[in-house]
Amino acid sequence: MQVLVADAKPGVTFYAVKPPRVERLRYDSCFIGHLMPGDVVLSVDGQAINSGDEFNARCSEGGLPRSVNVQFRRDNYYQMKCYKRTEMGGEMNALYIQIRWRADLPLGMDGAVVVELVDPGSIASQHFQYGDVIEKVEGTSVAHTNDAKRIIREKIEKRTSVALKVIRNVKKKNGLPLDVRFIMKKHKGFWNRNHKLEPCEDKQTEDGGGTSSDTRPNVYHVEGVAVERMALDEFGRPLIATPARAGGTKGDTDAGTSSTTTGGG
1 MQVLVADAKP GVTFYAVKPP RVERLRYDSC FIGHLMPGDV VLSVDGQAIN SGDEFNARCS
61 EGGLPRSVNV QFRRDNYYQM KCYKRTEMGG EMNALYIQIR WRADLPLGMD GAVVVELVDP
121 GSIASQHFQY GDVIEKVEGT SVAHTNDAKR IIREKIEKRT SVALKVIRNV KKKNGLPLDV
181 RFIMKKHKGF WNRNHKLEPC EDKQTEDGGG TSSDTRPNVY HVEGVAVERM ALDEFGRPLI
241 ATPARAGGTK GDTDAGTSST TTGGG
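Under my numbering, the first residue of the sequence shown carries the number 1, and numbering increases by one thereafter.
Structural data, given as structure tokens:
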């Protein structure tokens with residue numbers, strides 16, 4: 001498979017085995033949607049991989065961002081499917097999910113009775129949502145995290161499938177995913193931080209009020225400025241060009257680039 005690697009942090013954690021086997025994927029990993037926990041990585045760009053460190057080194061070689069060719073082997077024993085869905089009245093639905101797992105991998109969800117965290121890139125992320133309530137495991141009602149995990153693990157150890165009954169509020173706006181919470185926390189209080197950009201004023205008074213001249217400097221169109229185009233954002237996703245609009249390009253005029261709507265109420 002071909003994967004575009006944006007930076008030197010692929011965001012993949014491996015078990016200490018040879019060849020390396022995927023344990024987890026970070027929420028902003030460029031390999032989400034390509035690799036899954038349990039996959040065995042065989043080579044990167046035709047070169048054999050013997051450890052997680054080798055994988056990270058191969059993916060970080062050369063100028064980034066760049067595409068890498070990853071060969072891997074997937075264990076199809078892992079399965080999770082929703083085989084039944086019923087309405088319980090109001091906004092609640094009951095989902096019946098069957099899972100088949102191996103004992104050495106995490107299920108990809110935490111909280112168990114009430115799902116609070118779903119590992120990105122895991123099979124669980126395709127079937128569970130934040131706020132789902134696991135009501136029954138193998139027909140047994142569970143009221144505590146440890147009860148649910150114990151029954152699930154017992155079935156996995158016996159190499160048999162596990163049936164879960166999950167209650168979901170289909171109209172409720174669930175809690176924010178991990179990546180969204182991270183971004184919001186990172187930019188919390190941004191308006192109180194010092195910035196490198198200076199105000200567009202000629203002078204500044206002692207009280208901080210500032211005065212400006214009659215001729216305002218043109219801060220938008222300065223000749224001879226070096227421009228470096230960015231193909232990807234900080235999470236490795238391709239950037240989308242902003243559509244042309246009035247004032248967005250040198251030489252634009254309102255009459256030539258903007259649309260006018262008449263009427264109204």
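Note that beta-carbon positions come from the ideal geometry of N, C-alpha and C, so glycine has one too.
Here the structure is a predicted model, which is why all the values come from computation and not from measurement.
With distances taken between CA atoms, residue 73 lies nearest to 41 out of 93, 41, 91 and 53. The criterion of a C-beta distance shorter than 8 Å is not satisfied by residue 236 and residue 8. DSSP, read as helix, strand or coil, puts residue 30 in coil.
DSSP places residue 57 in the uninterrupted alpha helix (DSSP H) bounded by 52-59. Judged by DSSP in its simplified three-state form, residue 186 adopts helix. Contact between residue 68 and residue 59 holds: their C-beta atoms lie close to 5 Å from each other, under 8 Å. For residue 169, the uninterrupted beta strand (DSSP E) run begins and ends at 162-169, by DSSP. Between the alpha carbons of residue 139 and residue 164 lies a distance of about 8 Å. Per the DSSP secondary-structure output, residue 80 pairs in a beta bridge with 99. By the beta-carbon neighbour count (other beta carbons within 10 angstroms, threshold 16), residue 243 is exposed.
Taking C-alpha positions only, residue 239 is separated from residue 149 by approximately 41 Å. Restricting attention to 37, 18, 17 and 15, the CA atom closest to the CA of residue 25 is found in 37. Rounded to whole angstroms, residue 100 and residue 39 show a C-alpha spacing of 16 Å. Scanning 160, 62, 151 and 71 for the CA closest to the CA of residue 1 turns up 71.
Among the bridge pairs identified by DSSP, residue 70 is matched with 44. DSSP places residue 136 in the uninterrupted beta strand (DSSP E) bounded by 133-137. Judged by pairs of C-beta atoms under 8 Å, the stretch 44-56 touches the stretch 14-31, as three or more such pairs exist. Per DSSP, residue 232 lies in no beta strand (DSSP E) segment and is marked neither H nor E. Rounded to the nearest angstrom, the gap between the Cα atoms of residue 12 and residue 29 is 7 Å.
Distances from the CA of residue 34 to each of 98, 56, 61 and 3 were compared; the closest alpha carbon is that of 3.
No Cβ-Cβ contact shorter than 8 Å links residue 134 with residue 162.
In the DSSP annotation of this structure, the continuous segment of the beta strand (DSSP E) that includes residue 3 starts and ends at 2-5.
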